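Q: Counting from 288, one number per residue, gives the positions in the sequence shown under my numbering.
Note that beta-carbon positions come from the ideal geometry of N, C-alpha and C, so glycine has one too.
On a predicted model such as this, the values are computed, not experimentally measured, just so you know.
One structure is given below, represented as C-alpha cells, and several questions about it will come after.
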Amino acid sequence: MPNDLNSILAIGQPTEAELHYPRPGLRRDRWTDLCGAWEFGFDDENLGVCERWFASSPPAGVFDRLIIVPFPPESRASGVHDTAFHPVVWYRRTFTVEDADRSERLVLHFGAVDYRAQVWVNGSMVASHEGGHTPFSAEIASVLVDGPAQVVVVRAEDQPTDLRQPRGKQFWREELRHIWYHRTTGIWQPVWLEPVPITAFEEVRWTPNLDHFGVEMVVRLNHDAPEGARLHVRMIGTGTDSGLTIPTPWRDELRRLVLFNRDRQMGAGRLLYWSPTTPHLINVELTLSAADGTVLDRVDSYFGLRSVEVRDRRVPFERRADLHAPCASAELLAETLLAAPSVEALREEVLLAKSMGFNGVRIHQKIEDPRFLYWCDRLGMMVWAKQPTPMFDDQAAERLTREWLEAVRRDYNHPSLIAGCL
C-alpha cells in the first residue's frame, strides 16, 4: 500500500459502524451508546456504599456535578478537570429500554474503568471488576423495572498512591514532575448497551495458518445451541466469497477452514496475505440459526492472514522481509489523558503515522482502544503492545498477569499486533 496520504485515505473511508462500534471484532447492528453526560460525585470519605449512593433515590447532593463520559475527571474534556487526589468517584445516569428489548438478554458493556469498578442497575449490583485497562460486562435484564426509564450507577476506586496497580505513566503524587502524567480515574473507554439473543455468540477467535492457506476458527456461545441448530460462516474478501454450514454446534466449536484449494494456493491466495503494504482483511458474517431456519444470532467479525517472525532485524510478512519502521505512541493527551478525544481521532492518528512513512507503532505503557487497533489492521500499521506496569512485588505481579491475560484475550484477532511486552 502506498504511504502517501491520499492513497491511504482512498482505502480507509469508514462506515458509521466501523467508526463507532466499540468492539470491532464482534459487531452487532443493534446497540445504544451510553457515553455523554452523567451525574458525578467525589467520595473522598468513602461513605457512598454505606449511604447507599447506588440506590434509585440516592441522598440529596451527592451527585453534585456533571461529567462527560468517557473522559476521566482529571481531564479538561470531562468538564470536571480536577487533578487532586480523589480515590473514589461515583457516576449515575438514566437510560431507556424499549419493550421489544425486554424479551432478550440485555448486556451493559464497559470498555475500561480505572481501577476497580462496581456497577448497580436500579439499585441491584450487576458487576464488579478489577483492572483499569480491560473490558467487562453485565447482563441486566433481570433487574429492569417497569417503564422505560432505568438507572445505572458506577463506583470507581483508583488509589493514587497504590504502586501495585498497573498504572503506566500515571503519577502517584499530586504535582507533576519529570516524565510522569496526571492520573486517569474511573471510566475512560466507551459504555454501551446491547440487546443480545437468548442463545448468542460470546467469542470468536481466528488463528491463521499460512502453510495450509487456511484459518482455525473457534466460536464460543453463551450456552449449548438447541438441537438442530446451524452455524453459517460466510467469508467476504477471499476473491470468491465462500460459506459453509456447520450442523448442531456445541457451546465451543473449533474448525480448521481451508480458504483456497491447491490450484490457488501458489497464486491468488498469496495476494490475500496481511502485511503493512497490503493490509488485506477477510470479513466474516456468522449466523446461528434454529432448526426451522429462524436466526438466533448474527455477528460480523474479521481476520488477516499473516504470521510473524524476526529475521536479521526485520519482520517478514508474505515471506518477504519488510523493514520495521515504528514510532512510539504515549497517547496521554492534555485534553483527555488516556481516553481518545473522539472516534475519528483514533483513525486520524494511524493515518498521520502512515503519511509520515511509519509502518509500526509501539504503544507506551497503555492498552489501546480496540478501535485504534482496528484502524491499524485496516490501514497496515504493525503494533507492539505494552502492558502498563506497576512497582513489582508478588501482589503487583498477580494484578499485572490477570489484566494482561484479559488484554490478550480481547485483542487476539488483530493482525496488526505483532508483539507484546511489559
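Do you know offhand how far Val439's Cα is from Pro534's?
A: Cα to Cα, Val439 sits roughly 40 angstroms from Pro534.
Q: Using 8 angstroms for Cβ pairs, my map puts Pro563 next to Gly707. What's the rounded Cβ distance?
A: Pro563 to Gly707, Cβ: 18 angstroms. No contact.
Q: List the whole-angstrom C-beta distance separating Phe327 from Tyr402, where the pair is believed to meet the contact cut-off of C-beta under 8 angstroms.
A: The Cβ separation is near 17 angstroms, so there is no contact.
Q: Should the stretch 368-388 be called in touch with the stretch 345-355, which here means at least 3 C-beta pairs below 8 angstroms?
A: Yes: at least three Cβ pairs fall under 8 angstroms.
Q: Quick one: what does DSSP say Tyr589 is sitting in, helix, strand or coil?
A: Reduced to three states, the DSSP call for Tyr589 is strand.
Q: Below 8 angstroms on the Cβ atoms is my contact criterion, and I expect Asn409 with Val394 to pass it. Report the Cβ-Cβ distance as a whole number of Å.
A: No, Asn409 and Val394 are not in contact; Cβ-Cβ is about 16 angstroms, not under 8 angstroms.
Q: Classify Pro657 as helix, strand or coil using the three-state DSSP reduction.
A: The answer is helix: DSSP assigns Pro657 an H, G or I state.
Q: Looking at the C-beta of Val545, does it have a partner C-beta in chain D at a distance below 8 angstroms?
A: Any reference to chain D falls outside this structure, which holds one protein chain only.
Q: Hey, is the stretch 357-377 in contact with the stretch 309-327, meaning 3+ C-beta pairs nearer than 8 angstroms?
A: Segments in contact, yes.
Q: For Val439, does the three-state DSSP call read helix, strand or coil?
A: Strand.
Q: Hey, out of Pro495, Lys653, Ala577 and Ala443, whose CA is closest to Val545's CA?
A: It is Pro495 whose Cα lies nearest to the Cα of Val545.
Q: Quick one: any contact between the stretch 470-484 and the stretch 308-318, if contact means 3 or more CB pairs under 8 angstroms?
A: Contact holds: three or more Cβ-Cβ distances are below 8 angstroms.
Q: Could you check where the beta strand (DSSP E) with Val506 kicks off and where it finishes?
A: Gly501 to Leu508 is the extent of the beta strand (DSSP E) around Val506.
Q: So, do the stretch 381-395 and the stretch 359-368 have three or more beta carbon pairs nearer to each other than 8 angstroms?
A: Not touching, per the Cβ criterion.
Q: Who are the near neighbours of Trp779 in its chain, counting only those whose CB is closer than 7 angstroms to its CB and skipping five residues on each side?
A: Outside the shown range of the chain (288 to 709) lies residue 779, about which nothing can therefore be said.
Q: Have a look at Arg649 and Ser703 and give me their C-alpha separation to the nearest angstrom.
A: Using only the alpha carbons, I get a separation of about 11 angstroms.
Q: What number of angstroms, rounded off, separates the C-alpha of Asp433 from the C-alpha of Ser424?
A: Going by the C-alpha atoms only, they are around 22 angstroms apart.
Q: What is the rounded straight-line gap between the Cα of Arg451 and the Cα of Arg507?
A: Each residue's Cα considered, the two are about 33 angstroms apart.
Q: Alpha carbons only, please: which of Pro675, Arg593, Gly644 and Leu573 is nearest the one belonging to Glu655?
A: Taking only the C-alpha atoms, the option nearest Glu655 is Pro675.
Q: As a quick exercise: from Arg585, Gly644, Asp498 and Trp459, pick the residue whose alpha carbon is nearest that of Met678.
A: Ranking Arg585, Gly644, Asp498 and Trp459 by Cα distance to Met678 puts Trp459 first.
Q: With distances taken from CA atoms, which of Gly323, Ile485, Phe341 and Asp664 is nearest Val406?
A: The option with the nearest alpha carbon to Val406 is Phe341.
Q: Over the uninterrupted beta strand (DSSP E) stretch that includes Gly542, give me the two end residues.
A: It is worth fixing the name first, because residue 542 is Arg in this sequence and not Gly. Asp539 to Val545 is the span of the beta strand (DSSP E), which, as asked, contains Arg542.
Q: Within this structure, are the beta carbons of His396 and Glu503 separated by less than 8 angstroms?
A: Taking 8 angstroms as the Cβ cut-off, His396 and Glu503 do not qualify as a contacting pair.
Q: If you check the beta carbons only, do Asp445 and Gly473 fall under 8 angstroms apart?
A: It is a contact, given that the beta carbons lie within the stated cut-off.
Q: Beta carbon of Asp579, beta carbon of Arg314: below 8 angstroms?
A: Not closer than 8 angstroms, so no.
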